[in-house]
Amino acid sequence: MKIASSRLLVDIDEPGSRYAGTRFDWTSQVASVRLDGSTEILGQELPPGEFRADRGYGLHCEFGIKSPIGYDDCLVGEWFPKIGVGWLRREGPQAYDFFHTYREIEAAEWQWRRESGLDGESLVLSMNSGLRRGWAWSLERTWTVRGNTLECLTRLENTGNKAIETDEYCHNFLAVHGTERHLRFSWGAAAQPGVLVNPEGILALGAGGVDIDGSKSGEFYAAGLGRDLPAGSFWELSGPGQVVVRETLDCPFSHCDLWGKQYVISPELFMPLRLAPGSSQSWRRIRTFGA
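In structure tokens, the structure reads:
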């Protein structure tokens, strides 16, 4: 499913058509972004040329990476809710593992519609889980392109009778080129990360953000490069020959993490969610792309 503006061409996969895993939200499968006919901006979790239907690519959002709802009180063999996917059957007594692909899925019902504007288009994807064990949710994402901007307006409603306490972020799988990359933050210097995996010194944290050495091939991770940040905060990734990408969140967020490999970089802004039964919450992620 494609949407386009005067500058952007965006390809969004139909839920269940390509990604069939149990980790990422099926309404957020943005597979391709091209600016002014440029080369592909988005990358993937696996090395280029490889593909698995349970691995991430493009722009993939995720709910409850460490705080899934309905798992701890779910008996083995029963179903627990995964927002953006549907229902997953609990397989054993072990703790929830976001890396694990659960074998049995009941996908939530979904619908889509297209809307057109003066300089761009929107694609609206919605999902409804139905009610089980007191849990239920309704999710709607509106992806809109205008000029060089891609926006995602998300609305999550708690339609069950148990409180939802979780979080949401977007795993921005960005393809990278060249060996010099720089990640800048609107809040200035990167905070001291709570967790840092930095083989061969790939990451250099400083007052201006993070420099990333693309000549080294290790996998890196830094958790908590910014914490408790206000609405309007953003990260911006740039480098020689690289399309500049910025993500802004219009709500306060809890923290910013960074993950990547030599061929892909993913800055991540985490949005906390607390929804009483019958309540809803909306937020907007705004990505701009420039030379």
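Take the sequence shown: its letter number 73 is residue 77 in our numbering, and every next letter is one higher.
C-beta atoms are modelled at their ideal positions from N, C-alpha and C, and glycine is treated no differently.
Looking from the CA of Arg-117, the closest CA among Trp-263, Asn-165, Asp-123, Val-128 belongs to Val-128.
The residue from Thr-292, Gly-222, Trp-191, Asn-202 with its alpha-carbon nearest to that of Gly-213 is Trp-191. Assignment of beta-bridge partners to Arg-288 by DSSP yields Leu-157. For Asp-171, DSSP records a beta bridge to Pro-276. Around the beta carbon of Gln-115, fewer than 16 other beta carbons sit within 10 angstroms, so the residue counts as exposed.
Counting along the chain, Met-131 sits inside the beta strand (DSSP E) bounded by residues 124 to 132. Less than 8 Å divides the Cβ of Gln-246 from the Cβ of Val-180.
Between Ser-283 and Asn-162, the CB-CB gap stays under 8 Å. Of the other Cβ atoms in all chains shown, 16 or more fall within 10 Å of the Cβ of Val-89; this residue is therefore buried.
For Arg-150 and Leu-13, the gap between their C-alpha atoms comes out near 10 Å. Residue Asp-254 holds the alpha-carbon nearest to the alpha-carbon of Met-275 among Asp-254, Ser-221, Ile-16.
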